[in-house]
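Numbering (my numbering), first residue to last: 932 to 1426. All C-beta atoms, glycine included, are put in the ideal place defined by N, C-alpha and C. Take a look at the structure set out below.
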């Protein structure tokens, strides 16, 4: 028993020592493996950092290369209208021409004769934006002889989703120059002339006499270009795109109507919506610009236009095209009729009551006393005076950004007196009135994106005050949320 006990005790001690050594070995192995894993993780992290840095360097090199390539394209930017020399007559196509344009040369409707006519054609694109970019791109690719690109704006980030000739590397450049450089890279054989100037009644006729224009922009520009085309005897291929819809027609062509035949009086400025206010899906102006290019190519190559006295409409939501017959040229038209009263160009901004630029369209529906600046509204906020800030933008815009203390009721709901929204407005006005120490009217400040719809909202609120609503003092915030972002809070999103 004694020997057995000793043997048992010895076995137990050995077992404990073995387990201890095993545990120690396991700990060492675990620590070793963990150490290796940690080293590998650190190495992977370092490699990822190096990769990010190399990608950043590559991006910088790409931008530098693009800028150098752009700067190597020497194009003189025109800031005034000058007389152009006639295009050199081309009697035959070169081998390079045949190779470049071979896919359209084999078309029976086009052929060599059509290509030669195209090489002798001059086209003016008014506006290098969502319509003008694809229009100019396809005209240049097809081999138009001379391409004038007119735009007074500069490339911005918000342009790039639809204005496909511009890019990150040309932000801040004049659009006309940016587009001309892209065209030159696409087809160096095209004579491309960028005009960085405003089209006005003083220079339009001189410019348009040297080109048939093929793009129209805002309302004043449409009337200006139309009248200049009629006076110069030139056709006008006009398109528009807004939201999910587009339109195209050809004016003043082969006895067809001009723009004034259909719209003798401009619409009230407050009823006109542009892409900045209403939005546009980028592909829609791309499609309409391509259709413009198609009509230009047909006319320039000697074929008949399909859109003279026809309005082509496009609904992107349903992907549906429709063709609507337009009324013929009107004998009583002020510019193309039998006894025209418009025999010279005039101030079309005054005629239309709005600016000839989509970028700074500003309505003036209220008196100065009915409006406050964003700086004044900031002081009201800082003073803690109870009031109601009414955001009248569409809900889709409110989702993009909004001031957290505002009440959102779209202008359309106010116009339609939408029951639930009017009730909500009543409740908030009552709540605000309870916070006021005096019995004075509740201050209501309407705000929108740029200060146009807010003015309309104030007019509606004034009509409702005292009858449908408690007595209120309604004013609008000039410049809207974009002015707030520019002058008060730079971190607020601009769109």
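Local Cβ density within 10 Å of residue i, reported as buried at 16 or more and exposed below that
i, result
"residue 1179", "buried"
"residue 1358", "exposed"
"residue 932", "With a pLDDT of only 47 at residue 932, under 50, the local geometry of the prediction cannot be trusted, and the value read off the model is given with reservation. Exposed, by the Cβ-count rule."
"residue 1326", "exposed"
"residue 1202", "exposed"
"residue 1295", "exposed"
"residue 1013", "exposed"
"residue 1111", "buried"
"residue 1507", "It is not possible to answer for residue 1507, since the shown part of the chain is limited to 932 through 1426."
"residue 1157", "buried"
"residue 1314", "exposed"
"residue 1023", "exposed"
"residue 1218", "buried"
"residue 1020", "exposed"
"residue 927", "Here the chain comprises residues numbered 932 to 1426, so residue 927 is not present and cannot be evaluated."
"residue 1299", "exposed"
"residue 1245", "buried"
"residue 1422", "exposed"
"residue 991", "exposed"
"residue 968", "exposed"
"residue 1344", "buried"
"residue 966", "exposed"
Own chain residues within Cβ distance below 7 Å of residue i, not counting five before or after
i, result
"residue 1363", "1317, 1318, 1319 and 1373"
"residue 1331", "1424 and 1426"
"residue 1365", "none"
"residue 1389", "1297, 1301, 1377, 1405, 1406 and 1407"
6 Å Cβ shell around residue i - same chain, five flanking residues per side excluded
i, result
"residue 1224", "1066, 1069 and 1070"
"residue 1086", "1097, 1101, 1102, 1104, 1106 and 1109"
"residue 1035", "1041"
"residue 1039", "none"
"residue 1337", "1320 and 1322"
"residue 1073", "1228"
"residue 1240", "1187 and 1257"
"residue 1044", "none"
"residue 1339", "1322 and 1329"
"residue 1272", "1265"
"residue 1367", "1317"
"residue 984", "none"
Cβ-Cβ separation, residue j to residue i (assumed contact under 8 Å), whole Å
i, j, result
"residue 1400", "residue 1360", "6 Å"
"residue 1391", "residue 1328", "The pair is not a contact, with the Cβ atoms about 19 Å apart (cut-off 8 Å)."
"residue 993", "residue 1132", "Incorrect: roughly 44 Å between the Cβ atoms, too far for contact."
"residue 1415", "residue 1250", "Rounded, the Cβ-Cβ distance is 38 Å, inconsistent with contact."
"residue 1376", "residue 1406", "6 Å"
"residue 1182", "residue 1190", "5 Å"
"residue 1206", "residue 1061", "7 Å"
"residue 1243", "residue 1222", "7 Å"
"residue 1081", "residue 1057", "5 Å"
"residue 1123", "residue 1115", "6 Å"
Span of the beta strand (DSSP E), counted from its first residue to its last, around residue i
i, result
"residue 1405", "1403-1408"
"residue 1336", "Here residue 1336 belongs to no beta strand (DSSP E), and DSSP marks it neither H nor E."
"residue 1251", "1251-1256"
"residue 1176", "1176-1182"
"residue 1227", "Unbroken run through residue 1227 is the alpha helix (DSSP H), 1214-1231; no beta strand (DSSP E)."
"residue 1241", "1241-1246"
"residue 1122", "1122-1126"
"residue 1110", "Unbroken run through residue 1110 is the alpha helix (DSSP H), 1106-1117; no beta strand (DSSP E)."
"residue 1361", "No beta strand (DSSP E) contains residue 1361, which is instead part of the alpha helix (DSSP H) from 1350-1366."
"residue 1305", "That residue, residue 1305, is in no beta strand (DSSP E); its alpha helix (DSSP H) goes 1305-1314."
"residue 1056", "1053-1057"
"residue 1170", "1167-1173"
"residue 1028", "Where residue 1028 is concerned, there is no enclosing beta strand (DSSP E), although the alpha helix (DSSP H) it sits in stretches over 1026-1031."
"residue 1322", "1319-1322"
Residues near residue i in its chain [Cβ-Cβ closer than 8 Å; skip 5 each side]
i, result
"residue 1283", "1150, 1151, 1154, 1197 and 1200"
"residue 1142", "1053, 1054, 1055, 1077, 1079 and 1165"
"residue 1235", "1185 and 1229"
"residue 1247", "1175, 1176, 1177, 1212, 1214, 1215 and 1218"
Residue range of the alpha helix (DSSP H) that includes residue i
i, result
"residue 1160", "1150-1163"
"residue 1083", "Counting along the chain, residue 1083 falls outside any alpha helix (DSSP H), and DSSP gives it neither H nor E."
"residue 1374", "Not the alpha helix (DSSP H): residue 1374 falls in the beta strand (DSSP E), residues 1373-1378."
"residue 1208", "1206-1209"
"residue 1135", "1135-1139"
"residue 1070", "1063-1073"
"residue 1281", "1279-1283"
Residue i CB to nearest heavy atom of the ligand ZN below 6 Å
i, result
"residue 1251", "Absence of the ligand ZN from the depicted structure is noted, as is the absence of any ligand whatsoever, leaving it without description."
Between the region 1037-1053 and the region 1224-1233, can you find at least three pairs of beta-carbon atoms closer than 8 Å?
yes
Taking contact to mean 3 or more Cβ pairs, one atom from each stretch, closer than 8 Å, check whether the region 1203-1215 and the region 1157-1176 are in contact.
yes
Contact between the region 1132-1146 and the region 1157-1165: three or more CB pairs below 8 Å?
yes
Count the CB pairs spanning the region 1406-1413 and the region 1373-1385 that are closer than 8 Å, and state whether there are at least three.
yes
Does the structure place the region 1257-1265 close enough to the region 1112-1130 that three or more beta carbon pairs sit under 8 Å?
no
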